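Mapping the sequence shown onto the UniProt record's numbering, position 690 (from 1) lands on 690, and the numbers just tick up by one.
Yeah, the Cβ is synthetic: ideal placement off N, Cα and C, and Gly gets one too.
Everything numeric in this text was worked out from a predicted model, so none of it was measured.
Have a look at the structure below before the remarks.
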Amino acid sequence: MEIRQDKVEQPLVSVICFCKDRVAFLPRSVESVLSQSYRNIELVVQDGASTDGTLELLQSYAQRDPRVKIVSEPDSGPAEAYWKVLQRCTGAYIATCLSDEELQPGVIEEAVRWFAEQPQVGAFTCDGYTTDSDGKIIGEFKAGDFDFVAYIFDRYCPFWPGSFFRRKALLDVGLDQPGWNIGCLEFEIWCRLARDHVVRYVPTPVSKYAIHPGQLSNTPKNFHEHIDNRLKLIEGMFSEDGFFGAGKLKDRLGNFDPEWGVRQDHWFREIEAKISQLSQFEAHARAHKLEAEEKGFARRIEDLKQQAIAYHEQNVKAFKYSDRQPGITDAEWRRSLLDELWKGWEATLGVPHLARPKDRGLRWRLWLQRFVTERFLIDREHPLRRALDLAARLGLAEEACEEFKSFATARRAERRFRLYDSVARIYESRGQIDEALAMWGRAEPLHDPLIETAACQAAIKQPGATNEELAVRHQRWADRHARVDPAIPRPSFEAFDGRRRLRIGYHCSFMDADTIRYIMARAFRAHDRGRVEVFGYAPMDLPQDIGSGFDVSRNTGRLSDEDFLAVVRADKIDVFIELSGFSPGHRFRAMANRCAPVQVSYLNHFATSRVPNVDYILSDETCTPSDSDVQRHFSETIFRFADCLLCYDYAEAGCPPVGPLPALTAKAVTFACLGSGGKINPSLAELWAAILHRVPNSSLLLQNGQLSLADNRRYVERLFRRFGIGAERLKLRPGTNRDGVMKTYAEVDISLDTVPYCGGNTVAESLWQGVPVVTLKGELFTGRYGASLLAAARCPELIAETPERYIEIACDLASNLDRLASLRADLRRRYVEGGLNDSKRFARSLEQAYLSMIAEARNVGSAALTQNRS
Numbered sequence: 001m002e003i004r005q006d007k008v009e010q011p012l013v014s015v016i017c018f019c020k021d022r023v024a025f026l027p028r029s030v031e032s033v034l035s036q037s038y039r040n041i042e043l044v045v046q047d048g049a050s051t052d053g054t055l056e057l058l059q060s061y062a063q064r065d066p067r068v069k070i071v072s073e074p075d076s077g078p079a080e081a082y083w084k085v086l087q088r089c090t091g092a093y094i095a096t097c098l099s100d101e102e103l104q105p106g107v108i109e110e111a112v113r114w115f116a117e118q119p120q121v122g123a124f125t126c127d128g129y130t131t132d133s134d135g136k137i138i139g140e141f142k143a144g145d146f147d148f149v150a151y152i153f154d155r156y157c158p159f160w161p162g163s164f165f166r167r168k169a170l171l172d173v174g175l176d177q178p179g180w181n182i183g184c185l186e187f188e189i190w191c192r193l194a195r196d197h198v199v200r201y202v203p204t205p206v207s208k209y210a211i212h213p214g215q216l217s218n219t220p221k222n223f224h225e226h227i228d229n230r231l232k233l234i235e236g237m238f239s240e241d242g243f244f245g246a247g248k249l250k251d252r253l254g255n256f257d258p259e260w261g262v263r264q265d266h267w268f269r270e271i272e273a274k275i276s277q278l279s280q281f282e283a284h285a286r287a288h289k290l291e292a293e294e295k296g297f298a299r300r301i302e303d304l305k306q307q308a309i310a311y312h313e314q315n316v317k318a319f320k321y322s323d324r325q326p327g328i329t330d331a332e333w334r335r336s337l338l339d340e341l342w343k344g345w346e347a348t349l350g351v352p353h354l355a356r357p358k359d360r361g362l363r364w365r366l367w368l369q370r371f372v373t374e375r376f377l378i379d380r381e382h383p384l385r386r387a388l389d390l391a392a393r394l395g396l397a398e399e400a401c402e403e404f405k406s407f408a409t410a411r412r413a414e415r416r417f418r419l420y421d422s423v424a425r426i427y428e429s430r431g432q433i434d435e436a437l438a439m440w441g442r443a444e445p446l447h448d449p450l451i452e453t454a455a456c457q458a459a460i461k462q463p464g465a466t467n468e469e470l471a472v473r474h475q476r477w478a479d480r481h482a483r484v485d486p487a488i489p490r491p492s493f494e495a496f497d498g499r500r501r502l503r504i505g506y507h508c509s510f511m512d513a514d515t516i517r518y519i520m521a522r523a524f525r526a527h528d529r530g531r532v533e534v535f536g537y538a539p540m541d542l543p544q545d546i547g548s549g550f551d552v553s554r555n556t557g558r559l560s561d562e563d564f565l566a567v568v569r570a571d572k573i574d575v576f577i578e579l580s581g582f583s584p585g586h587r588f589r590a591m592a593n594r595c596a597p598v599q600v601s602y603l604n605h606f607a608t609s610r611v612p613n614v615d616y617i618l619s620d621e622t623c624t625p626s627d628s629d630v631q632r633h634f635s636e637t638i639f640r641f642a643d644c645l646l647c648y649d650y651a652e653a654g655c656p657p658v659g660p661l662p663a664l665t666a667k668a669v670t671f672a673c674l675g676s677g678g679k680i681n682p683s684l685a686e687l688w689a690a691i692l693h694r695v696p697n698s699s700l701l702l703q704n705g706q707l708s709l710a711d712n713r714r715y716v717e718r719l720f721r722r723f724g725i726g727a728e729r730l731k732l733r734p735g736t737n738r739d740g741v742m743k744t745y746a747e748v749d750i751s752l753d754t755v756p757y758c759g760g761n762t763v764a765e766s767l768w769q770g771v772p773v774v775t776l777k778g779e780l781f782t783g784r785y786g787a788s789l790l791a792a793a794r795c796p797e798l799i800a801e802t803p804e805r806y807i808e809i810a811c812d813l814a815s816n817l818d819r820l821a822s823l824r825a826d827l828r829r830r831y832v833e834g835g836l837n838d839s840k841r842f843a844r845s846l847e848q849a850y851l852s853m854i855a856e857a858r859n860v861g862s863a864a865l866t867q868n869r870s
């Protein structure tokens, strides 16, 4: 259902109120709504069959002001009343003003302006005041930035009386659908919006909230029911099909004996979330002197902590400690051991304060942890070891040992920051890049280069990102994690004068992957061995078809950046090329201290790195036009190929033949995107939905690894529902291997490229299989190489300069099936004749580029270097 009232100059705003027997408070509440400067409102009231004069008072307001709309009927309590009044709202926006609340003057007008200025936002939450029963201000409620992680795992709470909702956003998350737990409606609304939509915080007080003995939140029956329903929702979110489920928070080390079964990290996280929610209600009961309820919550918290201990004991039995995991450094191995030990401490001592000095069972668990510590030969002076010893001597009480208390506090904070990272990766996998970056921003106190690398990689997918913003983010990463180390001397590199072979070194953290296999492997082999010597560096042993492209291949997976730097320098590499981009395992930190006289960034990160001593980034005229100002945002010199910067060579790939156009049989067009789910953002979904609306009976096929999870499939269905596309027009498939992907193209009529981060593999594969790809040329490097590929494949007519043209091209292709079938049969020929699979030519282009860079470094012409070798 689509709501378009927010496009009206003064859209209708629904203000909801549910009440029963509140005649003493109601006048201030109602009058604060009706006196708002914004007049196009409806006050939607659900009265629970009041008997104290409340209904009569409401009716008197309704007689004077038709904007007051009342229903009075018996209900089962506030939860049912809340649900009913929400369903009655018809406004574009919804605000709340219950009988013991008041809106500040002019706030609805402000809220309407916020929604108009930020159409992507589903809800705004603000600050407010607390008052006594007479309406006198006694305090302030500062909500702070909306924080989903803190809402579930800590004590953050958005200020519901100071919140405004776009009704369409509530419909997007299923307000008109079954399946709600109305026993904690407020909690579920925030969770659904946080999971699927956009929530923003505005730091201004917008309402007053009265604190008095009779309010609903002080009624034991109500908040027992509420917390029970919250815990049910948390269980759902951590289930296999939930937002946090399916191993999304998996944090497991080592090998486990399957006969025991292992409680992975998300089980402990679920317990943490439940303890956090119960702790809030325990504190509330304590504040309002509800002793019986306080004790009841404390018992439930204790039971959950004991459950965590039981899980941990099971894991101790199941865990088989191996001598070392392959492919990690000593420092990483040591850290992994400490992380595993801390998990045991967390479960054993509780977070916070579970330990009891007289608990013999707990003493035994402490001894077990000490034994494991000794087994790993952790230095006795390590803080964890000192904490273990002191805690044992002082009776295990955290409060009795300041050092242990400090250590535990720091580790709890670190664990929270790592949770932000985990949730950021969930968001990123669904294309919710703004939310992912916000979560990663909260993890910055960890100073973790891998986490901040992931944020840099995700930022280039962000709709609306600019070169300037990307440069700032990457510069921050480089300043924090890739500084030049003055203690590492810069060697005197052997100058290349053209009288010997040029030594080229390629590094990639995924050198064994299909991406390298079909872009670079044949180019590695095609390098002119009379002129160049090719070294390969990777964190694994390479398969023969890739490794055979190197004269020297080195497995550098266990090397630190310092050791890696020494190895490359010892190999006397002239030009070092990093193919990893910002993927895990890259060697930008080594490059900062200069591995070779010339260093190049290429392939997996089409943006600046801002890393010191990275001299060049490879591009072409389409991707980074020379007449633009793009160079000023790059720390690297942009080297532009005369042709496309990429080559996808499927000569040895064993791809299926091009099949017939499926629409001729199906009598309906299938659009598709087989690229990563992280590239499919809400703006792109809206663009694709517009195409589906214009092509009757068409469908959209999406296939990626992210859709292997049921919750992600549901999210995509809800996302397209926002734009009027039902689930019946979507074909959502889990990820598969490359052979499976190539076979899927036999079902596809037209491929749709992603925006603003276009496809590479998916564009080339689609063209090779005879499926035309429509691309939208973006503003950034990341949004333009799809156009470069299409131009190289002699398909410039498939390149759009505007979103409107993108839609037109897709619809025009779908409108003439005979023409589409003819194009399908011709695309592979165009691809070959355009040279997009010519690895030999590509290798020559690379060699000429490297010689030009060397010449520039020496300030001589590359032709002279070539002649010296002749």
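Rounded separation between residue i and residue j - CA only
| i | j | result |
| --- | --- | --- |
| A787 | A92 | 39 Å |
| A800 | G740 | 29 Å |
| A471 | Y648 | 29 Å |
| L233 | G245 | 13 Å |
| H11 | V198 | The question names His, but residue 11 in the sequence shown is Pro. Each residue's Cα considered, the two are about 20 Å apart. |
| Q121 | N837 | In the sequence as displayed, the identity of residue 121 is Val instead of Gln. C-alpha separation (whole angstroms): 44 Å. |
| L674 | V423 | 24 Å |
| G395 | A410 | Confidence is the limiting factor: at G395 the pLDDT is only 43, short of 50, which leaves the residue's position unreliable and the question unanswerable from this model. |
| F781 | T624 | 6 Å |
| G724 | V202 | 30 Å |
| D154 | Q277 | 8 Å |
| F164 | A123 | 6 Å |
| R534 | V567 | The sequence shown places Val at residue 534, rather than the Arg named in the question. Using only the alpha carbons, I get a separation of about 15 Å. |
Integer Cβ distance of residue i from residue j, believed to fall under 8 Å
| i | j | result |
| --- | --- | --- |
| D176 | R718 | Incorrect: roughly 12 Å between the Cβ atoms, too far for contact. |
| H605 | Q457 | 7 Å |
| Q462 | L437 | 7 Å |
| S509 | G536 | Rounded, the Cβ-Cβ distance is 12 Å, inconsistent with contact. |
| D711 | G236 | In fact, because the Cβ distance is near 10 Å, the residues do not count as touching under 8 Å. |
| R522 | S839 | 4 Å |
| A24 | G135 | 11 Å between Cβ atoms; not a contact. |
| F576 | Q544 | Actually they do not touch by this definition, with Cβ atoms about 24 Å apart. |
Per-residue burial, residue i [other beta carbons within 10 Å of its own, 16 or more giving buried]
| i | result |
| --- | --- |
| S822 | exposed |
| N816 | exposed |
| I854 | buried |
| Q118 | exposed |
| V71 | exposed |
| Q63 | exposed |
| R375 | The predicted position of R375 is uncertain, since its pLDDT is 41 and thus under 50; a value taken from the coordinates is nonetheless stated next. R375 should be labelled exposed. |
| C859 | The displayed chain sequence assigns Asn, not Cys, to residue 859. Classification for N859: exposed. |
| residue 901 | What the structure shows of the chain is the stretch from 1 to 870, and residue 901 is not part of that stretch, so it cannot be assessed. |
Sub-8 Å separation of residue i and residue j beta-carbons
| i | j | result |
| --- | --- | --- |
| L103 | F18 | no |
| R722 | L692 | no |
| R499 | V532 | no |
| F281 | F223 | yes |
| Q46 | A81 | yes |
| L43 | V85 | no |
| T754 | L684 | yes |
| A793 | V658 | no |
| L701 | T670 | yes |
Interface flag, residue i vs chain B, CB-CB below 8 Å
| i | result |
| --- | --- |
| P584 | The question asks about chain B, but that chain is absent: this structure has only one protein chain. |
4-residue-minimum alpha helix (DSSP H) runs that sit fully inside the region 619-704, ordered along the chain: 662-666 and 682-694
Threshold first: 4 residues or longer. Then list the alpha helix (DSSP H) segments lying entirely within the region 422-504, N to C. 433-442, 449-459 and 467-481
Output the residue ranges of the alpha helix (DSSP H) runs that lie fully inside the region 520-598 and measure 4 residues or longer, sorted by chain position. 522-526, 544-547, 561-570 and 588-591
Beta strand (DSSP E) runs wholly inside the region 702-756, at least 3 long, in chain order: 730-734 and 750-752
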